[in-house]
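These notes are about the structure you will find just below.
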Amino acid sequence: MRKKILLYFVILFLAVGWIGISTSQALTPKEQLGKSIFFDERLSINNNQSCATCHAPNAGWTGPDSNINKAGAVYDGSVPGAFGDRKPPSSAYATQSPVLHVDKKGLFTGGNFWDGRATGETLGSAAAEQALGPFLNPKEQALNSASDVVTRVCASVYGWLFKEVWGPEICNPANVASAYDKIGYSIAAYEASTEVNAFSSKYDYSLPGKAELSKQERKGLALFQGKGKCSKCHVIDGRAPLFTDFTYDNLGVPKNPENPATIADPNWADPGLGGFLATRPDYAKYADANMGKHKVPTLRNVDLRAFDEGVKAYGHNGYFKSLEGIVHFYNTRDVKPVCPEPYTEAEALAENCWPAPEVAQNVNTGELGDLGLTKADEAAIVAFMKTLSDGYTPPSKKKK
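Just so you know, numbering that gives the first Met the number 0 puts the end of the sequence shown at 399, numbered straight through with nothing missing.
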């Protein structure tokens, strides 16, 4: 056993820098395997895209490219020009989303992807099912088959670890289906690790008194839980809140006129959860009541970005480019006049209007749209949300 452990760390050390393998002692072998897969660009048709391409750690596990974020916010895949139609959600804290189900209130809860199509029903883990989706999606990593993915993992520098974690027969061609599922479980294990779910924000440190929120940040927290109604969906629960209830909602977000899908077809609109439910005979009866609804994202790392001046995009379609913009939208959506054209966020703010919702059905009018917040209130909520980025270093205690 000691020889195996020694060999494990020797090979990991030699692999550092080649495939993104880290020798972090915080990771278990399964988590380390998942990390190796997560950062492996060779798991794409042109050997140029990994999970991390669209879910970068330094951008809060979402898209890191400012040039993309400030426009359509949709990332092209391994094949240049092959675009999806939504911005990448954060993969951090996503493993805590349960299997998609209808809760006691009659709301669809859980699943992964913006539209919930990674239900978790097959693997018992929505995160594991989501992790497998991009490999075979022609608009993402675009590999030809599950067998292709498994073959590449087995032939990789960390292929030995795949066998070590899941057994020596895992790369046997007869076990392709099982091996493919195990790849999903491995990625989910990494996404559930403390490296991804760090709970190390200023807000987290403030709970045990290791950091102190400013007066403005405290005001923002109070508004977040009160007049701003943010916590109705972005729930603050317990000592390690996730800032989401894993439900789905239509906020009335305008169509992003720079989304490649919209450019290709100006009449296209994202049906969200309703579109997915319509494909399921057992859920089709719920489709109309869920058209235009998208998953409520966690607000953890909502302001974490690759560079201080980097642009992030918000909303399922990346319409908003700033926390200030989306908070102002929550506050004034139903107060301002409707823009005459499908304006961008910058154009709408300049003209003091908001475009019509991308999908007019099922818009939430009870929890946003006319909140009556002042500019100072909006700024305070933004200040609070900026305390939710992991990686905060609390001030050291002064010696007496």
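Glycine is no exception: its CB is placed at the ideal position from the N, C-alpha and C atoms.
Predicted model, so just to flag it, every value in this text is computed and none were measured.
- Secondary structure remark: continuous alpha helix (DSSP H) runs of at least 4 residues inside the segment 43-70, in chain order: 50-53, 65-68.
- DSSP places Thr150 in the helix class (H, G or I) of the three-state scheme.
- With a beta-carbon spacing of about 12 Å, Asn111 and Ala91 fall beyond the 8 Å limit used to define contacts.
- DSSP, reduced to helix, strand and coil, places Ala81 outside both helices and strands of the structure shown, so it counts as coil.
- The beta carbon of Pro354 sits closer than 8 Å to those of Pro253, Lys254, Val337, Cys338, Glu340, Pro341, Tyr342, Ala347, all from its chain and outside the five residues before and after it, given in chain order.
- Take the alpha-carbon of Leu370 and the one of Val334: they are about 9 Å apart.
- Gly132: member of the alpha helix (DSSP H) spanning 125-135, first to last residue.
- Within a 10 Å sphere around the beta-carbon of Asp281 sit fewer than 16 other beta-carbons, which makes this residue exposed.
- Nearest to Gly219 by C-alpha distance, out of Thr386, Glu194, Cys50, Phe37, is Thr386.
- Boundaries of the alpha helix (DSSP H) harbouring Pro28: 28-37, taken from the DSSP string.
- A straight-line Cα-Cα distance of about 8 Å links Asp180 and Ala127.
- A straight-line Cα-Cα distance of about 14 Å links Lys86 and Val301.
- Ranked by Cα distance from Ser230, the first of Thr243, Asp287, Glu357, Thr278 is Thr243.
- Annotation: the segment 238-287 contains the following complete segments of the alpha helix (DSSP H) (minimum length 4 residues), in chain order: 259-263, 271-276.
- When the beta-carbon positions are compared, Ile380 and Phe223 come within less than 8 Å of each other.
- In the DSSP annotation of this structure, the continuous segment of the alpha helix (DSSP H) that includes Arg217 starts and ends at 214-224.
- Burial of Val295 is indicated by the presence of at least 16 other C-beta atoms within 10 angstroms of its C-beta.
- The C-alpha of Glu211 lies about 39 Å from the C-alpha of Thr118.
- The alpha-carbon separation between Gln215 and Ala382 amounts to approximately 7 Å.
- Here Asp75 carries a strand assignment [DSSP, helix/strand/coil].
- For Gly390, the closest C-alpha among the options Ser35, Glu30, Glu40, Gly59 is that of Gly59.
- Here DSSP, grouped into helix, strand and coil, assigns Asn351 to coil.
- Just so you know, the alpha carbons of Ala187 and Leu303 end up roughly 22 Å apart.
- Sorting Leu131, Met384, Pro56 by C-alpha distance to the C-alpha of Leu241 places Met384 at the top.
- Looking only at Leu26, Thr61, Tyr157, the smallest Cα-Cα distance to Leu298 is reached by Thr61.
- Annotation note: the segment 315-399 contains the following uninterrupted alpha helix (DSSP H) runs of length 4 or greater, listed N- to C-terminal: 322-331, 344-350, 374-384.
- By the Cβ rule, the segment 28-46 counts as touching the segment 160-172, because three or more pairs are nearer than 8 Å.
- With a threshold of 16 other beta carbon atoms within 10 Å, Ser144 falls short and is exposed.
- Assigned with DSSP and collapsed to three states, Ala312 falls in coil, not helix or strand.
- CA-CA distance, Val78 to Pro133, rounds to 13 Å.
- If you look at Phe198, you'll find it isn't in any alpha helix (DSSP H); DSSP assigns it neither H nor E.
- Spatial neighbours of Glu323 in its own chain (CB-CB distance under 6 Å, excluding positions within 5 residues in sequence) are listed in chain order as Val381.
- Contact between Val149 and Val175 is confirmed by a C-beta separation of about 5 Å, below the 8 Å threshold.
- Here Asp269 is buried. Its C-beta has 16 or more other C-beta atoms within 10 Å.
- In the three-state scheme derived from DSSP, where H, G and I count as helix and E and B as strand, Ala25 is classed as coil.
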